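Working notes, beginning with the structure itself.
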Amino acid sequence: MRHVGKLWVVLLVFAMPLQAAVTATADRSVMTLADSLVLTLKATEGEDVDNVDLSELRRDFEVSSSGTSSRLSIVNGRSERSTERALVLLPKRSGSLKIPSLQVDGVRTRAQTIEVLPAPRNIDASQDVFVEAEVDQESVYLQSQLIHTFRIYQAVELTDRGRSKLEIPDAVVEELESVVFQRVVDGRPYRVIEVKHAIFPQKSGELTIPALSFNGRREMARGSLFSFGSGEMLRRRSNPITVEVKPIPASWPDATWLPAASLELEESWSAEPGALKVGDSVTRSFTVTAEGIDASLLPPLEQVEVPGLRVYPDQPKTENRPGRNGITGVATSSAALLITEPGQYTLPAVRLPWWDTNANRLRYARLPERTITVSGAAPATANEASPALPTVSQPAPTAITTAPTPEPLLANPWLWSTVAALLGWLLTVLWLLYARGDSGRQPAQRKQSEDTTQLYRALLASCKADRAREARLNLQRWAQQQLGMERSPTLSEVADAYNDPGLSDALAALDTCLYSPDAENRWQGKALLEALKKLRPGKVKASRRGSELPPLYGSGT
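When you line the sequence shown up against this note's numbering, it's residues 131 to 687, in that order.
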């Protein structure tokens, strides 16, 4: 009866509805007083994201514009609908500003802190398009992280945009996530594309970061069919930057060089180490998490074998986790411990040296020694076979034993009953698969077709209602289904894929007004609506451009 009660508890837990998830996500955590920030509210259980009290948010930010859209995601054949509301925030002052916890239908979002720096100076706002590059440090240690930022300012619409790739000899370069925002310079609004790189110098001395180039064609008013794309081509280059790379300090011990902004060492066990018996096998893992270092530099942590414990190390695992502030390296070292004798075992302490690049000093990450108590193996019953223990380091005295004669394999009735049950199960599965045929695939294909149709109808409705941001999101999701892409395409990628002049013009007009504060009042969806209705399904170019800039308004993924 006790087990039946536990089963009912489990069933009731799974029967309870999950709490609806509402999230608030800012596209950046650091900005300037002249920048804009996009805060996205997302609800997955039909919560009303439009009915939110923003009075506390308006204490530190101006909410200049917002838009609401619906989204349909299909993962492994399952569809999930969500509602998103985008809020464009303008900071009222510099310093640490708080985005408060917002309540949506009884569910509260997580509060966030945004660092607002003073407005940038010495920027020439007389140019329609210009670029700049900067680094976060003037000198770094060998193999430590340097953040390089490349910004593209544009006050006019551009087509045929492209930029060079950052490549540096004797350095490892990782491109980080890019963002797009609006920045006001001397009263003039610019659309800014900000691209960050994590650079890890592999040689001490002087490191030169080469200039990056950007080009784009100024979009001209289209007077005729043949005047499209005839605008002036603009080319801009940033200045090269020189950085000092310092060698490994003389005070560093005889160990693997680890420069990091922060480092944490954690220990985990696959089973409770205080309840082990002879013959048990348990996995002990060490995880090193370090900010500002490539994971390939993190050394594997070896586990020392002590008498009575056999250690079988596993292959170390490393992972780089990119973010807006750089790379976080994660390395996990695991080993299986096989216990062969009862008693108390003391596992030695673990100490890992690392260099704190912020404080410019040597530090140690430590795990204290751990003592585990192992009890003897439980006595075997008459119906249980005694487990075979691995051989220990010291050979046991030679003894002569008489083993019972094993029962003939073919005379074992349990073997035949097991084989019969397995064959019956296999025959049932084969019969079900044969009877089903291709019918199992047809509903999935029909479901995908229905979802694509729903997205197309939602897109047409957005165009009819002249809702620019909603039309952009619905267009990206519909095109992602049509083109079979893993992510939402940009507007330029959609135009290139279908290669239709009418659609290209309509998407260019949508792209032009999307970043305007009054985009919802300016945009007319009639042209895009007519282009979509004339578009023939399946008319997609075989090749698409692969060197486009990141999406200017977010990919919707």
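Backbone N, C-alpha and C define an ideal beta-carbon position, used for all residues, glycine too. Fair warning: this is a prediction, and the values are worked out from it, not measured in the lab.
- Taking C-beta separations shorter than 8 Å and ignoring five residues to either side along the sequence, the partners of residue 633 in its chain run 624, 625, 658, 661, 662, 665, following chain order.
- Counting only residues of its own chain and dropping the five nearest sequence neighbours on each side, residue 337 has a CB closer than 6 Å to the CB of 331, 373, 375.
- Taking the C-beta atoms as reference points, residue 430 is found no nearer than 8 Å to residue 381.
- Along the length of the segment 238-314, whole beta strand (DSSP E) runs at least 3 residues long occupy 242-247, 259-265, 269-271, 276-284, 288-293, 301-305, reported in chain order.
- Between residue 297 and residue 457, the beta carbon gap of about 17 Å keeps them out of contact (Cβ cut-off 8 Å).
- Scanning its chain for C-beta atoms nearer than 6 Å, with the 5 sequence neighbours on each side dropped, one finds around residue 433 the residues 441, 465, in chain order.
- Of the other Cβ atoms in all chains shown, 16 or more fall within 10 Å of the Cβ of residue 288; this residue is therefore buried.
- Boundaries cannot be given for residue 342, as no beta strand (DSSP E) includes it and DSSP labels it neither H nor E.
- Below 8 Å, too few C-beta pairs join the segment 271-280 and the segment 310-321 to call them touching: fewer than three.
- In chain order, 425, 460 place their CB closer than 7 Å to the CB of residue 449, counting only its own chain and leaving out the 5 sequence neighbours on each side.
- Taking C-alpha positions only, residue 613 is separated from residue 199 by approximately 22 Å.
- A direct Cα-Cα distance of roughly 18 Å separates residue 500 from residue 443.
- In this model, residue 237 and residue 502 are separated by some 44 Å (Cα to Cα).
- Taking one beta carbon from each stretch, the segment 253-270 and the segment 215-231 have fewer than 3 pairs nearer than 8 Å; the two do not touch.
- Short of 6 Å from the beta carbon of residue 641, and not among the five residues preceding or following it, lie these beta carbons of its own chain, in chain order: 621.
- Nearest C-alpha to residue 401 among 158, 412, 407, 394: 412.
- With respect to residue 276, residue 229 sits apart: the two C-beta atoms are not nearer than 8 Å.
- Comparing alpha carbon positions, the residue from 378, 346, 350, 384 closest to residue 366 is 346.
- It is roughly 15 Å from the alpha-carbon of residue 445 to the alpha-carbon of residue 467.
- Beta bridge pairing from DSSP links residue 398 with 415.
- Just so you know, the alpha carbons of residue 197 and residue 252 end up roughly 34 Å apart.
- For the set 403, 420, 487, the Cα lying nearest the Cα of residue 269 is the one of 487.
- Counting of Cβ neighbours within 10 angstroms places residue 324 among the buried residues, the total reaching 16 or more.
- When the Cα atoms are used, residue 611 and residue 301 turn out to be separated by approximately 39 Å.
- With a cutoff of 8 Å on beta-carbon distance, residue 180 and residue 215 are scored as near each other.
- The criterion of a C-beta distance shorter than 8 Å is satisfied by residue 202 and residue 607.
- CA-CA distance, residue 177 to residue 210, rounds to 14 Å.
- Contact annotation, residue 388 with residue 452: C-beta distance approximately 19 Å; criterion of less than 8 Å not satisfied.
- Residue 422 is not a Cβ neighbour of residue 308, given a cutoff of 8 Å.
- According to DSSP, residue pairing for residue 450 in a beta bridge involves 459.
- Taking a C-beta distance under 8 Å as the contact criterion, residue 310 and residue 322 qualify as a contact pair.
- Distances from the alpha-carbon of residue 160 to those of 295, 235, 249, 587 put 249 closest.
- Beta-bridge analysis with DSSP links residue 215 to 171, 198.
- Straight through space, the alpha carbons of residue 221 and residue 638 are spaced by roughly 30 Å.
- Counting only runs of at least 4 residues, the segment 597-654 fully encloses the following alpha helix (DSSP H) elements, listed from N- to C-terminal order: 598-613, 621-628, 631-644, 649-652.
- Per the coordinates, the alpha-carbon of residue 498 lies some 18 Å from the alpha-carbon of residue 419.
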